[in-house]
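Asks: Got a structure for you, questions after.
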Amino acid sequence: MITWKNIISFCNNGNPAPDRRVEKTEAEWREILTSEQFHITRKKGTEAPHSGALCGIHEAGKYNCICCDTPLFDSTIKFESGTGWPSFTQPIAENAISYKKDSSFGMVRVEVLCNTCDAHLGHVFPDGPEPSGLRYCINSESMKLDTRVSHEE
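Residue numbers 1 to 153, in full-length UniProt numbering, belong to the letters of the sequence shown in order.
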């Protein structure tokens with residue numbers, strides 16, 4: 001289980017290596033993403049709270065990166081945080097997510113990115129439910145729910 005201490009260590013000492021890498025030019029990303037998906041994932045944007053299609057969805061499946069289809073989160077660890085964005089307590093695998101210190105907007109946060117393609121997903125905070133105490137606050141536009149894949153696989 002990933003803890004806040006692990007996340008700080010990843011920020012300071014480097015992230016786990018991904019299983020694979022996907023790299024595209026800006027033009028190639030623009031071809032496959034909507035303008036909102038591109039703004040959020042490639043330009044580090046944020047959707048308005050409570051506006052994302054995946055906020056209230058609780059179907060079984062995997063939440064995959066919208067850019068490269070890498071599985072990021074399992075529906076079994078999604079929870080209602082009341083923040084207006086889909087929230088999760090753990091990534092699907094330790095090396096699915098990369099972590100980066102974010103000092104924008106006059107505060108220090110930890111940005112989370114897809115470790116496969118560097119898509120901006122959102123941020124992680126140490127105020128989630130036990131046992132991890134983590135809250136991955138993720139933009140709906142950065143993910144897609146694959147309901148064909150059971151969380152039991």
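Built from N, CA and C at the ideal position, the CB exists for glycine as well.
(1) Determine the contact status of Gly61 and Thr147, defining contact as a CB-CB distance below 7 Å.
(2) Kindly identify the DSSP beta-bridge partner or partners of His120.
(3) Provide the residue(s) that pair with Asp74 in DSSP beta bridges, ordered along the chain.
(4) Where does Glu152 fall in DSSP's three states?
(5) In terms of DSSP beta bridges, what is Ile138 paired with?
(6) Rounded to whole angstroms, what's the CA-CA distance from Ser98 to His39? Just pull it up for me.
(7) If you follow the alpha helix (DSSP H) that Lys5 is part of, which residue opens it and which one closes it?
(8) What are the boundary residues of the alpha helix (DSSP H) that Lys43 is part of?
Replies: Taking the geometry as given:
(1) Taking 7 Å as the Cβ cut-off, Gly61 and Thr147 qualify as a contacting pair.
(2) Leu113.
(3) Asp74 pairs with Lys62.
(4) Reliability of the predicted coordinates at Glu152 is poor, the pLDDT of 49 falling under 50, and no value is obtained from them.
(5) Beta-bridge annotation (DSSP): Ile138 is paired with Gly122.
(6) Roughly 19 Å separates the two Cα atoms.
(7) For Lys5, the enclosing alpha helix (DSSP H) has its first and last residue at 4-13.
(8) That run of the alpha helix (DSSP H) goes 35-43.
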